[in-house]
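Q:
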Amino acid sequence: MARVLFAWELGGDLGHARRIFEVANGLRALGHDTAFAFQDLLATGTLATPVAWYQAPLLAAPKDAQPGAPLSHSVVLLNRGFGDALSVAGATRAWFGIFHLWKPDILVVDYAPGALIAARAAGLRHAAIGSGFSTPPPQDPMPTLRSWMPAEPAALQRADAALLAGVRGGVERAGATRGVPLQASDVFRVEANLLCTWPEIDPFGPRDGADYIGPQDDPSNGKPMAWRGSSRPRLFAYLKARDPRFASLLESIARLPGESIVVALGLPPAQAAARSTSTMQLVAEPAALEPLLAEADLCLCHSGPGTVAHALAAGVPLALLPQQFEQYLVARKVVDAGAGVMLEPDVPSPDFAGWLAAAAVNGTLRQAASTSPLRGRRKRSAAERLAAMIAA
Amino acid sequence: MARIAFAWEMGGEYGHVMSCAGLASGLAAHGHRIAFMFRELRQLSVVPEARDYDVFQAPRCAREGVGMDMPVGYVDIMQGCGYADARELTGLVGGWRSLLSGWKPDMVVADFSPTALLAARSLGLPRVTYGNGFFVPPRSTPLPPFRFDAPVDLARLARTEQSVLANVNGALPRFGAKPLARLAELFEADEHFICTFPELDHYGTRETSGYWGPRVRFDRGTDIAWPEGPGKRIFVYVKTNLPLLDPLLEVLAASPHRVVAYIPGLDEGRRRKFATRRRIVSDKPVKLERFLRECDLLVSHGGEISVGALMYGVPSLVFPTHYEQYATACRLEQLQTGVWLGPGATPDLVPRGLNGALDPRRAEIARTFAKRYTAFWPMEQRRRIIIRIEEILRGRGAILSPPSSQGIHG
Numbered sequence: 001m002a003r004v005l006f007a008w009e010l011g012g013d014l015g016h017a018r019r020i021f022e023v024a025n026g027l028r029a030l031g032h033d034t035a036f037a038f039q040d041l042l043a044t045g046t047l048a049t050p051v052a053w054y055q056a057p058l059l060a061a062p063k064d065a066q067p068g069a070p071l072s073h074s075v076v077l078l079n080r081g082f083g084d085a086l087s088v089a090g091a092t093r094a095w096f097g098i099f100h101l102w103k104p105d106i107l108v109v110d111y112a113p114g115a116l117i118a119a120r121a122a123g124l125r126h127a128a129i130g131s132g133f134s135t136p137p138p139q140d141p142m143p144t145l146r147s148w149m150p151a152e153p154a155a156l157q158r159a160d161a162a163l164l165a166g167v168r169g170g171v172e173r174a175g176a177t178r179g180v181p182l183q184a185s186d187v188f189r190v191e192a193n194l195l196c197t198w199p200e201i202d203p204f205g206p207r208d209g210a211d212y213i214g215p216q217d218d219p220s221n222g223k224p225m226a227w228r229g230s231s232r233p234r235l236f237a238y239l240k241a242r243d244p245r246f247a248s249l250l251e252s253i254a255r256l257p258g259e260s261i262v263v264a265l266g267l268p269p270a271q272a273a274a275r276s277t278s279t280m281q282l283v284a285e286p287a288a289l290e291p292l293l294a295e296a297d298l299c300l301c302h303s304g305p306g307t308v309a310h311a312l313a314a315g316v317p318l319a320l321l322p323q324q325f326e327q328y329l330v331a332r333k334v335v336d337a338g339a340g341v342m343l344e345p346d347v348p349s350p351d352f353a354g355w356l357a358a359a360a361v362n363g364t365l366r367q368a369a370s371t372s373p374l375r376g377r378r379k380r381s382a383a384e385r386l387a388a389m390i391a392a
Numbered sequence: 393m394a395r396i397a398f399a400w401e402m403g404g405e406y407g408h409v410m411s412c413a414g415l416a417s418g419l420a421a422h423g424h425r426i427a428f429m430f431r432e433l434r435q436l437s438v439v440p441e442a443r444d445y446d447v448f449q450a451p452r453c454a455r456e457g458v459g460m461d462m463p464v465g466y467v468d469i470m471q472g473c474g475y476a477d478a479r480e481l482t483g484l485v486g487g488w489r490s491l492l493s494g495w496k497p498d499m500v501v502a503d504f505s506p507t508a509l510l511a512a513r514s515l516g517l518p519r520v521t522y523g524n525g526f527f528v529p530p531r532s533t534p535l536p537p538f539r540f541d542a543p544v545d546l547a548r549l550a551r552t553e554q555s556v557l558a559n560v561n562g563a564l565p566r567f568g569a570k571p572l573a574r575l576a577e578l579f580e581a582d583e584h585f586i587c588t589f590p591e592l593d594h595y596g597t598r599e600t601s602g603y604w605g606p607r608v609r610f611d612r613g614t615d616i617a618w619p620e621g622p623g624k625r626i627f628v629y630v631k632t633n634l635p636l637l638d639p640l641l642e643v644l645a646a647s648p649h650r651v652v653a654y655i656p657g658l659d660e661g662r663r664r665k666f667a668t669r670r671r672i673v674s675d676k677p678v679k680l681e682r683f684l685r686e687c688d689l690l691v692s693h694g695g696e697i698s699v700g701a702l703m704y705g706v707p708s709l710v711f712p713t714h715y716e717q718y719a720t721a722c723r724l725e726q727l728q729t730g731v732w733l734g735p736g737a738t739p740d741l742v743p744r745g746l747n748g749a750l751d752p753r754r755a756e757i758a759r760t761f762a763k764r765y766t767a768f769w770p771m772e773q774r775r776r777i778i779i780r781i782e783e784i785l786r787g788r789g790a791i792l793s794p795p796s797s798q799g800i801h802g
């Protein structure tokens, strides 16, 4: 049986860790051994299984990070220190250290570019899982992430050159003789790209050279909840309590006609109970989405690809409040398909109640959502795909 | 030969890496195998001797310092570095345990690394601490505050300690390890190499600890000769984010003194304006060994270099940027070998600070002080630390060649 090391380096919150655990459980059930190298070890602290975990090597944050929406994925990596050969060299050596200690047969990355760089240099087999954003199509120049703005080919090339110099220099300093990238796209190349999303909401989709297997979480997992009455519209909201808009959002939701269920991650459970009303159930823990979405009229969320995919699979239109860039790109896809509306993060004091009330009864949105190509689409198991790859 | 893992978990900059590399190279010369488990890995570029060592990323709290107030005691720092949540601490301890149980060191050398100490303890590994007085607290219950310049809410500090201890004891059972009765037990080690002078210990003096002298590296860097001519010899080692950098450079430029400055990342405009025949701006770290013997004043932020300079009888002008440096600055002031200017100081105070620091009485006191501690001379200190480490290893059953057959290497 194989030893599978999972790596997660970039991207906040616990979505990456959850997806990895889901896939790792599947692989363990198939008899494989797993270990984790994470940028944030909080998630591993709750693991009950006797597995090894490591701190993912960290790069020094650059002083000249470019603010705002990144131009391309090369800029994303430059902003995280990958343009600095000394930093890349240190991290690469530390990845070699983990490879040497745990001796994986294969590396599976969920947004872990440093681990990929080291795996190529160490000749370690590797595959990527992720929501699409984290594995951009390897092209030269790397494609723009700001498709709505005029093309900037020179700037794209400059970013690629800076990234290539940092990664090449780092890998060479770490003593690697193979797997040295020759162009920026080589930094992003993976042996197998298992996209845990669908082409219709992949920021780079549809595309070739990738395997769309759908979100890996099971939407029937979570706290069982149910709609209480028969009044409509029904709003299901999946929110982060630390979002600066959360307080006014919650107030607006409480005033909506019909019924609502709000999952607010990060809210103290006592507060959730205290702020619930007769028409608004507020909980602080993940709820089982499937039964709720099956009878919802609108899904409000931050446009995480998993929630978006589950809502569209159930034919529910979306009201989207992206918090970060990946979510923004997913939201644009949904809006372009007519199945959702988005409030951009920089809209000052928006009228949430009006926006939500209108979206909940918008027939055009509902029509687009109910005929979404994602309707009823089922995931394929990443664990089985990886197991097949290992066996091949 | 033994396997020795160096752990560096908290703090920043180059001092930890340089000091660990210095001691490690001495141990490697004795045939020991070295691993560096470091918080920051970029700095490995300044220690080429580490090329043959195994390198690992030290576990690091992803929410470090979030919501943290000005710390007044060690437990406050712990609280901001993963000890506020038993789950997070479980993740960090587990990360250290994977490294230690995988690499199998015979000894862990912990530089400002409480969680490495905790993990090593849970695995029954021999361990020593290595660092200045700030990096390991006196092992009393409760742990004492290090803040001495403002009233400390001891009851609040005791509550934080209780909460930190509860989280430690929440994490340990996951690994089948026994809980701690007191937080001070976390810091139990086979030896504490407290690398400072007792007079400069951030906590004041402490019981049951030896002092081993400053550990700053004097044998590294570019050889630079002092500019010829009259005037005092002033070495400036500060960072560009010093708010009073421009007034400092102006005052030095207007003075009759000779200056060597190492200001990493100094822009070309400032460099060109400041550098003359009497004022050298180095773009690389300066080798301090001979250089400091002829130095009349060190201008720094109050890191370990200011303690090291005292070894050479050199007084200091200090611009502290955080509490550890501030505490050093205050101790230097108490000894009358230093003057400091805090972050709130105004530009008009710079000339006064400089003149005060150059007062010949300070130089005299610094020279007298240095004479008391000749055993702390860097090479001698390293030799003694290595002897002690090997003594502990032998006591723990490691098979080493007899001490008489070993030359002492630098």
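So the sequences go chain by chain: A and B.
So in the numbering used here, spot 33 of the first sequence is number 33, and the numbers just go up one at a time.
Just so we're on the same page, the numbering used here is the position in the second sequence counted from 1, plus 392.
Ideal Cβ positions, reconstructed from N, Cα and C, are used throughout, including at glycine.
Since the structure is predicted, the reported quantities are computational estimates derived from the model, not experimental observations.
Please state if the CB of B/PHE504 and the CB of B/HIS594 are separated by a distance shorter than 8 Å.
A: As a working note, residue 594 of chain B is residue 202 in the second sequence. As a working note, residue 504 of chain B is residue 112 in the second sequence. Against a cut-off of 8 Å, the Cβ pair of B/PHE504 and B/HIS594 comes out as no contact.
Q: Tell me which residues share the same chain as B/TYR745 and place their Cβ nearer than 8 Å to its Cβ, disregarding the 5 neighbours each side in the sequence.
A: Residue 745 of chain B sits at position 353 when you count from the first residue of the second sequence. The displayed chain sequence assigns Gly, not Tyr, to residue 745 of chain B. The answer, listed in chain order, is LEU709, VAL731, TRP732, LEU733 and ALA737.
Q: Going along the chain, which residues of the region 56-84 of chain A sit with their C-beta nearer than 9 Å to a C-beta in chain B?
A: Residues passing the 9 Å Cβ filter: ALA56, PRO57, LEU58, LEU59, ALA60, LYS63, GLY81 and ASP84.
Q: Return no unless some Cβ of chain A is closer than 8 Å to the Cβ of B/ASP446.
A: Reading the second sequence from its first residue, position 54 is the one you call residue 446 of chain B. So, interface residue.
Q: So which of B/GLY474, B/GLY523, B/ARG566 and B/GLU580 has the shortest CA-CA distance to B/LEU509?
A: By 1-based counting over the second sequence, the position of residue 509 of chain B is 117. Cα-wise, what sits closest to B/LEU509 is B/GLU580.
Q: Between B/ALA454 and chain A, is the shortest Cβ-Cβ distance under 8 Å, so that the two count as touching?
A: As a first step, residue 454 of chain B is located in the second sequence; it is residue number 62 there, counting from the start. Yes, because at least one Cβ of chain A sits closer than 8 Å to the Cβ of B/ALA454.
Q: Going by the beta-carbon positions, is the gap between A/PRO203 and A/GLU326 smaller than 8 Å?
A: Here residue 203 of chain A corresponds to residue number 203 of the first sequence, with the count starting at 1. Here residue 326 of chain A corresponds to residue number 326 of the first sequence, with the count starting at 1. It is a contact, given that the beta carbons lie within the stated cut-off.
Q: Using DSSP bridges, identify the partner residues of A/ILE129.
A: Locating residue 129 of chain A in the first sequence gives position 129, where the first residue counts as 1. A/ILE129 pairs with A/LEU194.
Q: Whose C-alpha, out of A/PHE38, A/ALA337 and A/SER276, is nearest the C-alpha of A/PHE21?
A: Position 21 of the first sequence, counted from the start, is the residue given in the question as residue 21 of chain A. Selected option, being the one with the closest Cα: A/PHE38.
Q: Answer with buried or exposed for A/GLN271, where buried requires no fewer than 16 other C-beta atoms within 10 angstroms of its C-beta.
A: Residue mapping note: residue 271 of chain A aligns to position 271 of the first sequence, counting from 1. A/GLN271 is exposed by the Cβ-count criterion.
Q: May I have a chain-ordered list of the beta strand (DSSP E) segments no shorter than 3 residues that lie completely inside the region 71-149 of chain A?
A: 106-109 and 125-130, all fully within the region 71-149 of chain A.
Q: Is B/SER796 helix, strand or coil when you go by DSSP?
A: Counting from 1 along the second sequence, the entry for residue 796 of chain B is found at position 404. Residue placement at B/SER796 cannot be trusted, given a pLDDT of 44 that sits under 50; what the coordinates show is reported in the next sentence. In this structure, B/SER796 counts as helix in the three-state DSSP scheme.
Q: Kindly list the residues whose CB is nearer than 6 Å to the CB of B/TYR644, restricted to its own chain and excluding five residues on each side of it in sequence; keep chain order.
A: Residue mapping note: residue 644 of chain B aligns to position 252 of the second sequence, counting from 1. The question names Tyr, but residue 644 of chain B in the sequence shown is Leu. So the list reads VAL651, once near-sequence residues are dropped.
Q: What first and last residue would you give for the beta strand (DSSP E) that runs through A/PHE36?
A: In the first sequence, residue 36 of chain A corresponds to position 36, counting from 1. Note, A/PHE36: beta strand (DSSP E), 33-38.
Q: Is B/TYR654 helix, strand or coil by DSSP?
A: Stepping through the second sequence from its first residue, residue 654 of chain B is reached at position 262. DSSP places B/TYR654 in strand when its eight states are reduced to three.
Q: Helix or strand or just coil, what does DSSP make of B/ASP659?
A: Translated into the one-based positions of the second sequence, residue 659 of chain B becomes position 267. B/ASP659 falls in the coil class under three-state DSSP.
Q: At the 8 Å Cβ level, is B/ILE800 part of the contact set with chain A, yes or no?
A: Within the second sequence, the letter at position 408 stands for residue 800 of chain B. Residue placement at B/ILE800 cannot be trusted, given a pLDDT of 39 that sits under 50; what the coordinates show is reported in the next sentence. By this cut-off, B/ILE800 is not an interface position.
Q: Taking buried to mean at least 16 other C-beta atoms within 10 Å of its own C-beta, is B/ARG723 buried or exposed?
A: As a position in the second sequence, residue 723 of chain B is number 331, starting the count at 1. B/ARG723 is buried by the Cβ-count criterion.
Q: What are the partner residues of B/MET429, as DSSP defines its beta bridges?
A: Stepping through the second sequence from its first residue, residue 429 of chain B is reached at position 37. In the DSSP output, where bridge partners are listed per residue, B/MET429 has B/ALA399 and B/PHE448.
Q: Counting contacts by CB-CB distance shorter than 8 Å, is A/ARG466 in contact with chain B?
A: No answer is possible for residue 466 of chain A: it lies beyond the span of chain A, which begins at 1 and ends at 392.
Q: In the DSSP assignment, find the unbroken beta strand (DSSP E) run with A/TRP227 in it and report its ends.
A: Here residue 227 of chain A is taken as the residue at index 227 of the first sequence, counted from 1. Per DSSP, A/TRP227 belongs to no beta strand (DSSP E) and is neither H nor E.
Q: Counting only beta-carbon separations shorter than 8 Å, does A/TYR111 have a partner in chain B?
A: Taking the first residue of the first sequence as 1, we reach residue 111 of chain A at position 111. False, the Cβ-Cβ gap to chain B never drops below 8 Å.
Q: Contact check, B/PRO803 vs B/ASP582 under 8 Å by CB: the rounded distance?
A: Limits of chain B in this structure are 393 at one end and 802 at the other, which puts residue 803 of chain B out of reach.
Q: Can you tell me the Cα-Cα spacing of B/ALA413 and B/VAL439, whole angstroms?
A: The residue you call residue 413 of chain B lines up with position 21 of the second sequence. The residue you call residue 439 of chain B lines up with position 47 of the second sequence. If you take the alpha carbons of B/ALA413 and B/VAL439, they lie about 7 Å apart.
Q: DSSP has A/MET389 in a bridge; who is on the other side?
A: Counted from its first residue, the first sequence places residue 389 of chain A at position 389. According to DSSP, which records beta bridges pairwise, A/MET389 is partnered with nothing at all.
Q: Please list, in chain order, the chain B residues whose beta carbon lies closer than 8 Å to that of A/TRP53.
A: Translated into the one-based positions of the first sequence, residue 53 of chain A becomes position 53. Within chain B, the residues near A/TRP53 are GLY483, GLY486, GLY487 and SER490.
Q: For A/TRP198 and chain B, any beta-carbon pair shorter than 8 Å?
A: Reading the first sequence from its first residue, position 198 is the one you call residue 198 of chain A. So, not an interface residue.
Q: State the DSSP-derived secondary structure class of B/LEU572, mapped to helix, strand or coil.
A: What you label residue 572 of chain B is simply residue 180 of the second sequence in a count that begins at 1. Coil.
Q: For a cutoff of 8 Å on Cβ pairs, would you count A/ALA208 as touching chain B?
A: Here residue 208 of chain A refers to the residue found at position 208 of the first sequence. Per the sequence shown, the amino acid found at residue 208 of chain A is Asp instead of Ala. For A/ASP208, the answer is no, since every Cβ of chain B falls outside 8 Å of its Cβ.
Q: Can you tell me which of the three DSSP states A/ARG232 falls into?
A: Counting from one through the first sequence, the residue named residue 232 of chain A turns up at place 232. In this structure, A/ARG232 counts as coil in the three-state DSSP scheme.
Q: Output the residue ranges of the alpha helix (DSSP H) runs that lie fully inside the region 282-333 of chain A and measure 4 residues or longer, sorted by chain position.
A: Those alpha helix (DSSP H) runs which fall completely within the region 282-333 of chain A and span 4+ residues are 289-293 and 305-313.
Q: Buried or exposed: A/GLN66, going by 16 or more other Cβ atoms within 10 Å of its Cβ?
A: Translated into positions along the first sequence, residue 66 of chain A becomes position 66. The residue is exposed, with fewer than 16 neighbouring Cβ atoms inside 10 Å.
Q: Assuming the contact rule is C-beta atoms closer than 8 Å, B/ALA701 and B/LEU684 should be a hit. Round their C-beta distance to whole Å, please.
A: Taking the first residue of the second sequence as position 1, residue 701 of chain B is located at position 309. Taking the first residue of the second sequence as position 1, residue 684 of chain B is located at position 292. At roughly 6 Å, the Cβ-Cβ gap stays under 8 Å, so B/ALA701 and B/LEU684 are in contact.
Q: Identify the residues that DSSP records as bridge partners of A/ILE395: which are they?
A: Missing from the structure shown is residue 395 of chain A; chain A here goes from 1 to 392 and no further.
Q: Identify, in the order they occur along the chain, each residue of the same chain with its Cβ nearer than 6 Å to the Cβ of B/GLY799, setting aside the five sequence neighbours on each side.
A: Stepping through the second sequence from its first residue, residue 799 of chain B is reached at position 407. Model confidence at B/GLY799 stands at a pLDDT of 40, short of 50, so the residue's coordinates are unreliable; what they give is reported in the following sentence. Hits under 6 Å: none found.
Q: Which residue or residues does DSSP assign as beta-bridge partners of B/ASP503?
A: Mapped onto the second sequence, residue 503 of chain B falls at position 111. Answer is B/TRP400, bridged to B/ASP503.
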